[in-house]
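So the structure is just underneath, and the comments pick up after that.
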Amino acid sequence: MTWIPPLLVAIPLLTAAVTAGLDHVTPRRLQDAIVVAASAATTALAFVLLWHAESREVVHWFGGWQPRHGVALGIDFAVGPLAAGMCAVIGLVVTLALVYSLTFLHEAARLYDALMLVALGAMCGFAMSGDLFNLFVWLELMAVAAYALTGFQVERLGPVQGAVNFAITNSLGGYLFAIGIALIYARTGSLNLAQIGDTLSHGPAGGLVIVAMTLLFCGFLIKGAIVPFHLWAADAYAVAPAPVCAVLGGVMTDIGLIGVSRLYWTVFDAPFGHGHAVGDVLLWLGMVTAVLAGTMAFLQRHLKRMLAYSVVCHIGIMLAGIGLLDSSGLAGAELMFLAHALLTAGLFFVAGILHSDHGLIDELHLHGRARGCWAPAAAWFAATIGLIGAPYVGIYLGHGLIDEGATELGRPWVLALLWLGSALAGAALLRAGARIFLGWGEADDPLLGQALEEDPLERDVLRPLLVAVALAAVVLGVAISVVPGLGQRAEYAADRFQDRSGYAARVLRGHPFPATPSLPVTIRHTSVESLLYSGGATVLACALALVGLYRRRLPRFVTVAARRTLALPIHVLREVHSGVVGDYVAWVTVGTAFVGGVWALLLHG
Amino acid sequence: MSYLPFAVAAWICLVGIAGIATSRNLIHLAICLTVTQSSSYVLLLSVGYVKHGKAPIFIGTKLGTTAVDPVVQALTLTDIVVSVVVIALILALALDAHRLSGTVDPDQITDIAG
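Residue numbers (the working numbering), protein chains in the order written: chain A, 4 to 608; chain B, 6 to 119.
Structure, rendered in structure tokens:
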């Protein structure tokens, strides 16, 4: 089965080349069919790969350059169940987005399809790569496709500004990553992840490895939009077409976290795995991101910006799960990735439907306009409840596993902060849904700031198709927590993913895989704390949403006190998100220096 | 081994970042981005350099001849290709920004914020 991994990259990339090359020859609908078929085929192959990866490590050495005597000579794809699962989700979301785009973007040039396929191939390659430099190449390939997709509507200034901010911050991240690669290569003389881990497990790590780790991780955290590297995200999502947002927000941003976990458990676990310093920094970054981005989501009126901050908030929760450095935390992050990708895609699809119906994307402008649109309303509210993580809905199971990891480590306060972030982002989405679909609340709210320029383009779309795609994504996402056996399989995949020496032995020395334990096919249950926190977060989100809608009806002394205490922090938050790329780069520099400084202090002693 | 190439690489990287952060012109900014990336070229080449090493072409040479590391050159070349794509894209976006707003100053192109 070692021939499957390269196909996941080859099919989309070749189809992209053919699509772009035969642009003027083939009829439109035929080309649409080819593109969707290629994406669907990639998804199907990813599921086959997932099936096989359950019982072995699927390793493909390009050109047949197998390792000799435990030394890697060539470049490999090494796929376990986690990487294969990621490819499957990525393929699914891209396929849904492509089907959605069939009528949504009918004025789009053919290159749009080609760019989406390039992004798909690059993301799959990234998830499967076992080679450090190839990670960089896939990262840049998907980034370039994403910049072009973001700045797709170049006839307006917003998309151009968003794409510029996105391109510059993410390229800088890529370059930091490249410098990190050079330093690791200088220290170990190898680019194969398993080999680097092997080399670093002998002898002390030293300052060079700490600097390299900082640069590599910060490169991924910029991609993953973690505070303070997240500033580009809202600008990019606000301006991209809805199906592009679904791919960017659903899978492409989160992929930075796959990079972080892959690098940690193949490489840096060797020198730094005995302590908890690396994980603690990631955990704190994740918690700060969850709360801060949740707050920012609540302050938005532009639906796509709101969704962007909600994405950042959930990525923060996933990073916290990874930062716990145990298998429950990583399994939780995996399951959250899965549910979050589908639900976020669904929400962006609904936002696209509203945009095409009314030519508006602003919560206040849309006030009460979508009364009676039951299918989009149901999709929006179901996805929102799923993203808050109400008991056994959507991200709940993943979040519950992260809770378990945090409790085992003796850090119960992590739970409170993470659920708070989830509730804040959920409150924003509930408030927007209630305003738009139910007409609740007032049509004006100065708390939400100035309106951004609307893109008044009315589109001639096949609306039932858009609604069907949105519903499909939401239904799949909501059901993740109650799929029997999924939780146990995620934990098994996480266990395997974290076994550094086992991975190295299988990749470099071709050791056979130990017998797979037979896993139960039941719904994974979570702790009572998770149930309570989850219920609490749902109630809190509803309460906050109501406050957002009807805050003028609160008693006067409450509103005055709230204004006095919150006005300054909110003002500062808005000022930081300035939309000016120079500021973003300054924050990237400060963040990188801070992360590196903390690690140098904690690890070098 | 000399530390000079590492110091030069760090300097180039920081100068480039400072340029990006303070730039008032998108084209200047794109060039600063290239400068930042050049630091990784310097670093890679200095990592792979071997004193008195020959170019890594092994046709007609004796076994055991000292040569510089061929891998870093391949990495540098890939790095350059990647950077060309990114720069081309940013310059194209700068052109569009100028067409739409009449300026290439990122501080004045603030259609979206907050």
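Yeah, the Cβ is synthetic: ideal placement off N, Cα and C, and Gly gets one too.
Check	Outcome
By alpha-carbon positions, which one of A:F136, A:A41, A:L123, A:W235 ends up nearest to A166 (chain A)?	A:W235
How would you label W383 (chain A), buried or exposed, when you count the other beta carbons within 10 angstroms and need 16 or more for buried?	buried
Can you tell me whether F80 (chain A) is helix, strand or coil according to DSSP?	strand
Ignoring anything shorter than 4 residues or poking outside the stretch 47-115 of chain B, list the alpha helix (DSSP H) runs there in chain order.	75-106
V601 (chain A) by DSSP, collapsed to three states: which one?	helix
Just how far apart, CA to CA, sit T46 (chain A) and C90 (chain A)?	7 Å
Tell me which residue opens and which closes the beta strand (DSSP E) that W268 (chain A) is part of.	No beta strand (DSSP E) holds W268 (chain A); DSSP gives it neither H nor E.
Give a yes or no on contact between the stretch 431-450 of chain A and the stretch 356-367 of chain A, applying the rule of three or more CB pairs nearer than 8 Å.	yes
Would DSSP call H63 (chain A) helix, strand or coil?	strand
Are the C-beta of L82 (chain B) and some C-beta of chain A separated by less than 9 Å?	no
Is I187 (chain A) near F139 (chain A), with beta carbons less than 9 Å apart?	no
Any contact of the stretch 478-493 of chain A with the stretch 36-56 of chain A, i.e. 3+ C-beta pairs under 8 Å?	no
Could you check where the alpha helix (DSSP H) with L432 (chain A) kicks off and where it finishes?	416-436
In three-state DSSP terms, what is H361 (chain A)?	helix
Using a Cβ-Cβ cutoff of less than 6 Å, which residues in the same chain neighbour A72 (chain B) once the five nearest sequence positions on both sides are dropped?	G58, K59, P61
Any C-beta of chain A sitting closer than 9 Å to the C-beta of T41 (chain B)?	yes
For the candidate residues B:R104, B:L100, B:K67, B:T39, whose alpha-carbon lies nearest to that of V89 (chain B)?	B:T39
Whose Cβ in chain A lies nearer than 8 Å to the Cβ of I25 (chain B)?	I171, L175, V584, G585, V588
Where do the ends of the alpha helix (DSSP H) carrying T2 (chain A) lie?	A question about residue 2 (chain A) goes unanswered here, because the residues of chain A that appear run from 4 up to 608.
Which chain B residues are close to E143 (chain A), counting only those with a beta carbon under 7 Å from its beta carbon?	V87
Give a yes or no on whether the minimum CB-CB distance between T256 (chain A) and chain B is below 9 Å.	no
So, under 8 Å CB-CB, P84 (chain A) and A336 (chain A) are touching, yes? Tell me the CB distance rounded to an integer number of Å.	Not really, about 14 Å apart at Cβ, beyond 8 Å.
Is A60 (chain B) close to chain A, meaning its C-beta is less than 9 Å from at least one C-beta of that chain?	no
Considering only their Cβ atoms, is the gap separating A43 (chain A) from T98 (chain A) smaller than 9 Å?	yes
Excluding five sequence neighbours on each side, which residues of the same chain lie with their C-beta closer than 8 Å to the C-beta of L25 (chain A)?	Q34
Closest to G324 (chain A) by C-alpha separation, out of A:A300, A:L285, A:L310, would be which residue?	A:L285
Threshold first: 4 residues or longer. Then list the alpha helix (DSSP H) segments lying entirely within the stretch 6-50 of chain B, N to C.	9-27
What are the residues of the stretch 124-154 of chain A that lie near chain B, defined by any Cβ-Cβ distance shorter than 7 Å?	F136, V140, E143, V147, Y150, A151, G154
According to the neighbour-count rule (16 or more other Cβ atoms, all chains shown, within 10 Å of its Cβ), is F65 (chain A) buried or exposed?	exposed
Relative to the alpha-carbon of A26 (chain B), which residue among A:Y587, A:R434, A:G600 has its alpha-carbon at the smallest distance?	A:Y587
Output, in chain order, the set of chain A residues within a Cβ distance shorter than 7 Å of L49 (chain B).	A185
Mapping the DSSP letters down to three states, classify R190 (chain A) as helix, strand or coil.	helix
Is M321 (chain A) near D406 (chain A), with beta carbons less than 9 Å apart?	no
Touch check for the stretch 10-24 of chain B and the stretch 144-154 of chain A: three-plus C-beta pairs under 8 Å?	no
Leaving aside the five residues before and after L423 (chain A) along the sequence, list all residues of the same chain whose C-beta is less than 8 Å from its C-beta, in chain order.	A293, V294, G297, A540, L543
Could you tell me which of A:R32, A:A437, A:A354, A:R59 sits nearest to P517 (chain A), measuring between CA atoms?	A:R59
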